[in-house]
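Chemist:
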Amino acid sequence: MAGFGWFWKAMGGQSGRSQKKSRQIVAKASQAQEELNRLSDKELADKARSMVSDKKITDPAGFLAVLSVASQRTLGLTPFPPQAQACLRLLAGDVIHMATGEGKTLVGAMAATGYGLMGHTVHAITVNDYLAHRDAEWMRPLVEFFGLSVGAITEKMTPGERREVYARDIVYGPVNEIGFDVLRDQLITRREDAVQHGADVAIVDEADSVLVDEALVPLVLAGSQPGSAPQGKITELVKNLRQGTDFTTDDDRRNVFLTEQGADKVERALGIDSLYDDEHVGTTLVQVNLALHAQELLLRDVHYLIRDGKVALIDASKGRVADLQRWPDGLQAAVEAKEGLAVTEGGRILDTITLQALLHRYPTVCGMTGTAVEATDQLAQFYQLKVSVIDRNKELIRFDEADRVYATMKQKNDAIVDEIRRVHATGQPILVGTQDVAESEELAAKLAEFDIETNVLNAKNDWAEAEIIAQAGEYGKVTVSTQMAGRGTDIKLGGADERDHDRVAEAGGLFVLGTGRHRSSRLDNQLRGRAGRQGDPGSSLFFVSLEDDMVTTGGAGEDITANPDQFGMIDSKRIRDYVEHCQRVTEGQLLEIHSQTWKYNKLIADQRIIIDERRGEILDTDAALESFRSRVPGRVEELEATVDHGVLVQAARDVMLYHLDNGWSDHLALLDDVRESIHLRAIARETPLDEYHRIAVHEFKQLAERAMEEAVDTFTRVRIDNDGAHLEEEGLARPSATWTYMVNDNPLSSNGNKLKKAVRLMFGGSPVAKD
Ligand code: ADP
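Numbering (the numbering used here), first residue to last: 1 to 771.
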């Protein structure tokens, strides 16, 4: 992605050196401010514009000084030097590493304003609705000071409202809504129905979460079509299967494998010969696997909740209900069946895009987060982005205690309760980061037994979440949260208004307690970073047990000896190093999964771009009608005699787009199937990805040809009059309803696991070929 290399080249620097240069610019900008104070608002705004020529900033120091003075006048905030530095690095197209509470919102708005003044359209991308709205309203005076316009996209907006907001210079919006709008815009049949018109800069808040953790979450646009639900009989049947004999699960409990004995049982119960017959491999076996997966691996209150008679997914990375998310259709239905709920009808996937592909659409991407350094490799590998570390305005005085490692989970949990009781007695506010909703509730219940009242943060809406987090710094408060809940809200000591700041600071500031190390140290640091904002006192401490998921997954197969004390605690550097080692292993696994999965997704993303270009041509020109003219000139002539030209052009467009979109939707479904079965097909050749590419490229070529043939066929048959093409008469209507969702941590199809299970079984339990 382009960034603003020209700027740093002009400064003669590489990344490290350019940081030094930016510091000099910041120093110069500070000096320039005093003089600027004398200018009127209008003079200031004009001055900023005069410093931009040909989409470049001619005087960075002066420009920064103007932005600072404007911020002071409009928001009452004088940017600290590190904020000015951060703004420069954003304008250079970097991801900045800036700690919690250092004021990233202002930095992002200054950079957005800078890009806006350079004539760019900017999307300021947030992680949720609440933050998009909050940030846009908070920063509005600064943006408008320069005569630029700003707005926020939120979930409930109508297309008309969205169109109006997207037309502004700077648009704040949650990443999923922006993505859904891209998908919907790729299905329009008239240009004026589009809500977006492209943007050239994305400034991504919580950049590591969006660009790395959630990068491969597909946003899906689906259209109504009745689907096939798994059979109730199968759901009942898997309840009688026994772990160990009928099926096994892998160590990190991500996959479940039917054993031969289990398969026999299923076959007998269903009265079929073999689950692996052609007839059953793609249907019954898949359903059995789905039902078993739902039964064994998806736990109520850990992976999902039942709310209002519906399955509500818990977002694994945020630990709260993800309203828009669902599992891939079959699995969603399997969980509904397991819980005895009404099974929802499946739909037809019309289009999908991953966040990574979405962000690749912007010529310039930059962003900010408190944990960018830990994501340096991913940001470079997947986005060619560099990380700039921004110094803290005030020195960090947080005390990070060494991990406390216990032999068993039970011993760890007891120790956690003891520690919370001890710290709570001192009045120090405590923020506990747990791994999932069930854990947070169990902990809260246990603390209640000791008369410790807690605020439990999970399954709430973004706004309530922000409220609770804002109060987490009050004297004596205990807040139990799931991972990353309330990201983006700053915890101030002594309450949101800092009324009681000094008393809390005296008690030691915020105490952050992690109930387990995450699979990536980045997430640990996010949690730690909640304490010690803006030079405040604070401390952090993580508890670990050798039975924790991260440890068993990362250290699989390794023998460790330890000498726990009477409480199960193992106070040894060697063991703490071992925990670190396990985490590096799990981090490596995550990176590997990301890079493998992206290889599959990248191809679809590239093909999507080609489709989009083709659509653009059809939407904006007479290409469709002219294509028909060259193939069926007689038909075109005949229609031209009676149908108005403009109407005919649109009718041709509607026909062509119908078949193109339909073809694309079929293509996606086919690729999904291919991806799931590729391990079967390619097992002999052991190059699933190459095989997948070969098929995808071949099918894509056919898509174009087939769509054209079908379109010509429809065009000759369908009734076209001055009301347009009557596609519905041919049963070719577009879906009457569409809806959007995110596919959460696709446990089945992402790596072809579903059929891997079958493979494993067919070869009598022998190891599966590695991808
Ligand atoms: P972050 O996103 O980096 O955690 P925020 O943008 O939420 O931080 O800002 C944290 C707090 O710091 C906010 O209350 C904001 O008003 C305050 N703040 C930011 N910049 C300044 C500044 N230059 N001067 C005074 N207060 C500031």
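C-beta atoms are modelled at their ideal positions from N, C-alpha and C, and glycine is treated no differently.
Just so it is clear, the structure is predicted and the values come from calculations on it, not from any experiment.
Considering just the uninterrupted stretch of the beta strand (DSSP E) at P174, what are its terminal residues?
Modeler: That run of the beta strand (DSSP E) goes 170-174.
Chemist: Can you name, in chain order, every residue of its own chain whose Cβ lies under 6 Å from the Cβ of T740, other than the five neighbours on each side?
Modeler: F180, L221.
Chemist: Count Cβ pairs between the stretch 431-443 and the stretch 453-472 that sit closer than 8 Å; are there 3 or more?
Modeler: These segments touch.
Chemist: Can you list, in chain order, the residues of its chain whose CB lies under 7 Å from that of V365, leaving out five sequence neighbours each side?
Modeler: For V365, where only same-chain residues beyond five positions count, the Cβ hits under 7 Å are M1, A202, V204, L359, Y383, L385.
Chemist: Have a look at A696, Y578, L88, G108 and flag the residue whose alpha-carbon is nearest the alpha-carbon of V551.
Modeler: Of the candidates A696, Y578, L88, G108, the one whose C-alpha sits nearest the C-alpha of V551 is Y578.
Chemist: Where in the stretch 82-134 do unbroken runs of the alpha helix (DSSP H), each at least 4 residues long, occur, reported from the N-terminal end onward?
Modeler: Entirely contained in the stretch 82-134, the alpha helix (DSSP H) runs reaching 4 residues are, in chain order, 104-117.
Chemist: Identify whether F787 lies in helix, strand or coil by the three-state DSSP scheme.
Modeler: For the chain, the structure presents residues 1 to 771; residue 787 sits outside this window and is missing.
Chemist: Assign N455 to one of three DSSP states: helix, strand, or coil.
Modeler: Of the three classes helix, strand and coil, the one that applies to N455 here is strand, per DSSP.
Chemist: Leaving out five residues on either side along the sequence, give the residues of the same chain with a beta carbon under 8 Å from the beta carbon of F247.
Modeler: L241, V256, F257, L258, T259, G262, L292, E296.
Chemist: Considering only C-alpha positions, which residue in the set I570, Q583, S572 is nearest to G555?
Modeler: Of the listed residues, the one whose Cα sits closest to G555 is Q583.
Chemist: Hey, quick one: how far does the beta strand (DSSP E) through Y578 stretch, first residue to last?
Modeler: It is not in any beta strand (DSSP E) - Y578 instead sits in the alpha helix (DSSP H) that spans 573-620.
Chemist: Could you tell me which of A199, R392, K394 sits nearest to Y362, measuring between CA atoms?
Modeler: The residue with the shortest Cα to Cα distance from Y362 is A199.
Chemist: Under a three-way DSSP split, which group does T552 fall into?
Modeler: Reduced to three states, the DSSP call for T552 is helix.
Chemist: Beta strand (DSSP E) containing V432: first to last residue?
Modeler: Here the beta strand (DSSP E) through V432 covers 430-434.
Chemist: Please tell me whether E206 and Q534 are closer than 9 Å, where the distance is taken between their beta carbons.
Modeler: Contact: no.
Chemist: Are the stretch 99-116 and the stretch 132-141 in contact at 8 Å, needing three or more beta carbon pairs?
Modeler: These segments touch.
Chemist: Can you tell me where the beta strand (DSSP E) holding L305 begins and where it ends?
Modeler: 304-307 is the span of the beta strand (DSSP E), which, as asked, contains L305.
Chemist: So what does DSSP say about V343, is it helix, strand or coil?
Modeler: Coil.
Chemist: Let me know the secondary structure DSSP gives K410 once reduced to three states.
Modeler: Three-state DSSP puts K410 in a helix.
Chemist: Considering only residues of the same chain and omitting the five flanking positions on each side of A375, which have a CB-CB separation below 7 Å?
Modeler: So the qualifying residues of the chain are D208, V212, R522.
Chemist: In this structure, how does DSSP classify G663 when only helix, strand and coil are distinguished?
Modeler: Note: G663 maps to helix in three-state DSSP.
Chemist: Cβ of Q471 versus every heavy atom of ligand 1: is any distance shorter than 8 Å?
Modeler: Every heavy atom of ligand 1 is 8 Å or more from the Cβ of Q471, so no.
Chemist: Going along the chain, which residues of its own chain have a beta-carbon closer than 7 Å to the beta-carbon of E439, five neighbours each way excluded?
Modeler: Excluding sequence neighbours, E439 sits near T515.
Chemist: Using only the alpha-carbon positions, how far apart do D500 and N525 sit?
Modeler: Rounded to the nearest angstrom, the two C-alpha atoms are 26 Å apart.
Chemist: Report the residue from G495, V175, N662, A605 whose alpha carbon sits nearest the alpha carbon of H133.
Modeler: When each option's Cα is compared against that of H133, the closest is V175.
Chemist: Please name the residue in S545, V335, T553 whose C-alpha comes closest to that of V585.
Modeler: With distances taken between Cα atoms, V585 lies closest to T553.
Chemist: Do you know whose CA, among I125, V127, T121, G160, lies nearest S149's CA?
Modeler: Among I125, V127, T121, G160, the Cα nearest to that of S149 is on T121.
Chemist: Are the Cβ atoms of P79 and V52 separated by less than 9 Å?
Modeler: No. Outside cutoff.
Chemist: What does DSSP give as the partner residues of A218 in its beta bridges?
Modeler: In the sequence as displayed, the identity of residue 218 is Pro instead of Ala. DSSP output for P218 lists T354 as bridge partner(s).
Chemist: Do D169 and A152 have their C-beta atoms closer together than 9 Å?
Modeler: No.
Chemist: Taking 8 Å as the cut-off, is the beta-carbon of Q534 closer than that to any non-hydrogen atom of ligand 1?
Modeler: Within the cutoff, so yes.
Chemist: Taking C-beta to C-beta, are L603 and V697 nearer than 9 Å?
Modeler: Cβ distance < 9 Å, so L603 and V697 count as in contact.
Chemist: For R517, which of E236, D548, R503 has the nearest alpha-carbon?
Modeler: Closest option to R517, Cα to Cα, is D548.
Chemist: Determine the DSSP secondary structure at V69, reduced to helix, strand or coil.
Modeler: Reduced to three states, the DSSP call for V69 is helix.
Chemist: State the Cα-Cα distance for the pair A337 and R519, rounded to the nearest angstrom.
Modeler: Roughly 31 Å separates the two Cα atoms.
Chemist: What is the rounded straight-line gap between the Cα of L183 and the Cα of L703?
Modeler: Straight-line Cα distance between these residues: approximately 19 Å.
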